[in-house]
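These protein sequence lines map, in sequence, to chains A and B. The first sequence begins at 265 in my numbering and counts up one residue at a time. The second sequence begins at 730 in my numbering and counts up one residue at a time. For each residue, glycine too, the CB sits at the ideal point set by N, CA and C. Please read these numbers as outputs of a predicted model, since none were measured by experiment. Report on the following structure.
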Amino acid sequence: MTVIGWIQILLYCAVIVALAKPLGWYMTRVFSGERTFLSPVLRPVESAIYWIGGVDERREQHWLTYTVAMLLFHVGGFLIIYGVMRLQGVLPFNPAGQSAVAEDLSFNTAISFLTNTNWQNYGGESTVSYLVQMLGLTHQNFLSAATGIALAIALIRGFSRASARTVGNFWVDVTRCTLYVLLPLCIVYTLVLVWQGIPQTLGPYVEATTLEGAKQTIAVGPVASQVAIKMLGTNGGGFFNANAAHPFENPTALSNFIQMISIFALGAALTNVFGRMVGNQRQGWAILAVMGVLFIAGVAVTYWAEASGSNVLNALGLTGGNMEGKEVRFGIVASSLFAVITTAASCGAVNAMHDSFTALGGMIPLINMQLGEIIVGGVGAGLYGMLLFVVLAIFVAGLMVGRTPEYVGKKIEAREVKMAMLAILVLPLMYLGWTAVAVVLPQAVASMANAGPHGFTEVLYAYTSATANNGSAFGGLTGNTFFYNLTLASSMFVGRFFMIIPAMAIAGSLAEKKSIPPSAGTLPTTGGLFVGLVVGVILIIGGLTFFPALALGPIVEHLAMTAGTVF
Amino acid sequence: MLKEIRPAIFVLLALTLITGLLYPLAMTVVAGAVFPAQAEGSLITRNGQVIGSALIGQEFKDDKYFHGRPSATTAADPNDSTKTVPAPYNAANSSGSNLGPTSKALADRVKEDVDKLKAENPAQAVPVDLVTTSASGLDPDISPEAALFQVPRVAKARSLPEDRVRALVAKATDGRLIGLLGEPRVNVLALNLALDAATATK
């Protein structure tokens with residue numbers, strides 16, 4: 265570890281904290297339906313969308329209607345992605361002549377992009393056409409992100425409203441999020457990325473003759489426009505197979521820094537939106553502090569592990585840390601930082617190959633996802649995931665002092681706690697369950713690229729990533745088989761919707777409650793005690809659930825590595 | 730609930746058209762006008778022929794060129810399309826090795842490369858990036874140490890004084906952005922082009 269490395273990390277944190285307030289202010293205005301400086305341009309477009317959709321923007325929805333609308337929106341989204349992938353061979357914008365994608369792979373990919381996971385069992389440049397990248401994938405990058413943010417806003421309304429029957433209008437929230445937040449940011453961002461060297465062209469792959477006279481086919485495409493939303497919307501699905509490690513997806517140290525910022529920007533700002541909407545910004549800062557504590561701890565471990573390198577390679581006289589699967593322009597620190605950010609959020613873009621990380625360096629991304637990606641988290645998803653843990657922590661605190669727990673003026677009762685537990689428990693059921701199935705099936709075991717405990721970690725990582733809707737991978741695992749395409753799709757589906765529906769039920773039930781003023785017996789939820797309590801609950805629940813699986817994978821591998829054992 | 734079906738179709742279609750077609754196509758037009766070179770892939774031409782991209786690494790095996798990092802990219806086996814064969818710096822199929830820290834295959838490969846490099850230049854410690862594969866398999870850069878390590882071999886193959894080659898390396902070395910972000914690095918293709926130019930005007 266170096267001083268300049270830590271300065272880069274702290275600079276990153278400072279920028280995220282500085283952006284939270286202005287972005288939070290802007291987003292609060294957008295979702296309150298107020299005018300913004302973009303209204304003169306965007307308002308006519310917005311009205312036109314409501315007109316053709318038959319949406320009355322002043323009519324709000326009950327939480328159940330809101331959820332049904334969201335689910336119907338996803339059915340249509342699924343059909344578009346699946347259809348475009350199956351038909352790409354006969355559709356335009358296909359200069360590389362890609363043929364139809366297989367049924368199971370198309371199914372997996374459609375679920376993957378719909379759920380904001382962007383797990384990729386295909387290699388972008390070798391499998392799909394430009395049309396699929398744009399119409400199939402870029403569009404869903406926008407809409408799955410907008411959906412996540414809309415749901416978080418609905419949950420916040422549940423906390424902030426009193427004696428209300430409605431939580432907002434899904435169509436309005438999703439449209440306004442797309443038009444006023446995501447699209448303007450992406451337009452500027454795309455141009456910055458092209459300036460840094462990311463291609464944006466519809467031309468065919470380039471045939472080059474190298475200095476030594478060999479032929480090199482260089483894949484290009486409309487890359488920048490997709491990378492912008494892939495990062496900002498915490499989607500993470502790469503245009504190319506190597507994702508943000510590919511020099512065309514992340515060419516410079518500056519593009520890398522901006523991409524890391526864009527992963528956290530909106531998620532961190534949503535904590536400020538929460539504070540503003542419940543009437544006290546300090547409530548938002550307290551949540552961001554919980555996230556910050558867990559984040560810095562993760563960065564420290566991964567950076568230390570990667571800078572120390574692998575004992576096996578160090579024994580050959582190498583120094584300078586673990587550079588296998590990393591790019592020179594990013595080095596150890598920017599690769600470690602990126603890995604922790606992308607798994608703390610539900611992004612899943614990678615600028616280094618996590619499969620080649622040291623055992624402990626790769627364990628932190630795994631833990632980040634297993635905790636439910638609540639450290640900033642996916643846009644929207646991170647906030648509602650964190651609020652579920654807050655409900656639980658408040659409940660535990662209430663038990664300790666023997667009072668009815670309350671949070672931002674709302675009593676937390678049996679219904680909320682049950683729903684929060686349902687959402688928190690269904691996740692380990694999926695990843696531990698499917699991992700257990702996969703490691704006893706010979707055809708699933710055959711997909712592992714590494715032997716020994718590392719192979720087990722590859723499988724555990726895959727199901728964790730899918731269930732947590734992350735999408736990063738220990739990429740050695742051959743995921744494009746019938747078994748993995750289907751089981752990973754089921755993990756992504758359950759991980760997304762069995763979290764969303766309980767969260768929405770909580771939103772509806774909270775909105776109906778009266779708001780009670782804080783009294784002498786109310787636990788203050790803006791101070792250090794509260795932050796410590798939530799961090800503790802997260803680590804205890806996470807630790808108890810996952811420690812056995814981690815012991816079989818990365819922990820035993822770390823012990824083997826320090827002993828110099830190879831498999 | 731049935732009332733939600735109409736917006737589920739039409740709001741979706743409208744937003745899909747905007748974000749899935751209008752946005753990427755408009756950005757393609759604007760980017761092509763404002764940053765034409767980058768939008769096309771930062772291509773480098775010599776004597777009217779495309780010789781590669783400034784951002785994409787290419788394979789160098791000849792002693793007279795600086796070599797890039799090992800690359801783990803593959804291509805479909807021409808004899809059996811269900812299998813793949815190694816194809817370093819295949820820019821149509823980026824990928825890393827994905828070998829973990831306790832992989833015997835990785836340890837063996839690195840040991841072999843370390844031994845080879847030690848024989849080539851016993852005076853210097855082997856730089857780690859010269860024996861590890863990059864994440865994309867297309868890393869255009871090596872560390873300044875990795876470039877300096879190769880100076881004796883390149884100078885000998887080109888019959889140039891080592892100091893001359895070392896000066897070219899120094900010139901091709903990029904520092905951290907504002908002294909802070911990223912890592913010092915040398916673009917291998919740019920260095921080799923400079924080397925060719927220097928040799929031609931010797």
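Residues of the region 604–622 of chain A whose Cβ lies closer than 8 Å to any Cβ of chain B, in chain order: Val614, Asn615, Ala616, Met617, Asp619, Ser620, Phe621 and Thr622
Measure the alpha-carbon distance for Gly400(A) versus Arg914(B) and round it to whole angstroms. 37 Å
I need the straight-line Cα distance from Thr583(A) to Ile871(B), nearest angstrom please. 15 Å
State whether the region 506–515 of chain A contacts the region 855–865 of chain B, with contact taken as three or more CB pairs (one from each stretch) at a distance under 8 Å. yes
Taking DSSP as the reference, what is the three-state secondary structure of Leu534(A)? helix
When the Cα of Leu750(A) is compared with those of Ala483(A), Ala517(A) and Met694(A), which residue comes out closest? Met694(A)
Could you pull out every unbroken alpha helix (DSSP H) segment of at least 4 residues lying fully inside the region 599–682 of chain A, listed in chain order? 623–634 and 645–665
For Asn827(B), decide whether its Cβ has a neighbour in chain A, counting only Cβ atoms nearer than 9 Å. yes
Does the beta-carbon of His796(B) have 16 or more other beta-carbons within 10 angstroms, so that it is buried, or is it exposed? buried
Grab me the residues of Leu787(A)'s own chain with a C-beta within less than 6 Å of its C-beta, minus the 5 sequence neighbours each way, in chain order. Ala661
Does the region 699–719 of chain A come into contact with the region 825–834 of chain B, if we say contact requires no fewer than three beta-carbon pairs (one atom in each stretch) closer than 8 Å? yes
Count Cβ pairs between the region 377–388 of chain A and the region 414–430 of chain A that sit closer than 8 Å; are there 3 or more? no
Closest Cβ-Cβ distance between Gly786(B) and chain A: below 9 Å? yes
Chain-order list of residues whose beta-carbon lies under 6 Å from that of Asn819(B) (same chain, five-residue window excluded): Thr802 and Ala804
Below 8 Å between beta carbons is the criterion; list the residues of the region 513–534 of chain A that meet it against any residue of chain C, in chain order. Among the chains of the structure shown, chain C does not appear; the protein chains present are A and B.
Output yes or no for whether 9 Å exceeds the beta carbon distance between Gly318(A) and Arg798(B). no
Residues near Thr474(A) in its chain [Cβ-Cβ closer than 6 Å; skip 5 each side]: Gln480
Could you give the C-beta distance for Ile688(A) and Leu652(A), rounded to a whole number, given that I count them as a contact under 8 Å? 6 Å
With a threshold of 9 Å between beta carbons, is Ser779(A) in contact with chain B? no
State the Cα-Cα distance for the pair Leu343(A) and Gly573(A), rounded to the nearest angstrom. 45 Å
Taking its Cβ as the centre, do 16 or more other Cβ atoms sit within 10 Å of Asn514(A), making it buried, or is it exposed? buried
Sequence-distant residues of its chain with Cβ nearer than 8 Å to Asn520(A) (five each side left out): Ala508, Asn514, Arg593, Phe594, Ala598, Phe602 and Asn615
Does any residue of chain B bring its CB to less than 9 Å from the CB of Pro463(A)? yes
Indicate whether at least one CB of chain B lies closer than 9 Å to the CB of Lys494(A). no
Given a threshold of 16 other Cβ atoms within 10 Å of its Cβ, counted over all protein chains shown, does Ile375(A) qualify as buried or as exposed? buried
Would you mind giving the Cβ-Cβ distance between Ala901(B) and Leu920(B), rounded to the nearest angstrom? I have them listed as a contact below 8 Å. 4 Å
9 Å is my cut-off, CB to CB: does Asp791(B) come that close to chain A? yes
Output the distance between the C-alpha atoms of Ala816(B) and Ser800(B), rounded to the nearest integer angstrom. 8 Å
Please report whether the beta-carbon of Thr831(B) lies at a distance below 9 Å from any beta-carbon of chain A. yes
Excluding the five sequence neighbours on either side, which residues of its own chain have a C-beta within less than 8 Å of the C-beta of Phe746(A), listed in chain order? Asp368
DSSP three-state call for Gln767(B): helix, strand or coil? helix
Helix, strand or coil, according to DSSP, for Ser729(A) in the structure here? helix
Between which two residues does the beta strand (DSSP E) carrying Val891(A) extend? With chain A covering only 265 through 831, there is no way to say anything about residue 891(A).
Over the uninterrupted beta strand (DSSP E) stretch that includes Glu471(A), give me the two end residues. Val470 to Thr473
Would Val436(A) be called buried (16 or more neighbouring beta carbons within 10 Å of its own) or exposed? buried
Using three-state DSSP, classify Gln778(B) as helix, strand or coil. strand
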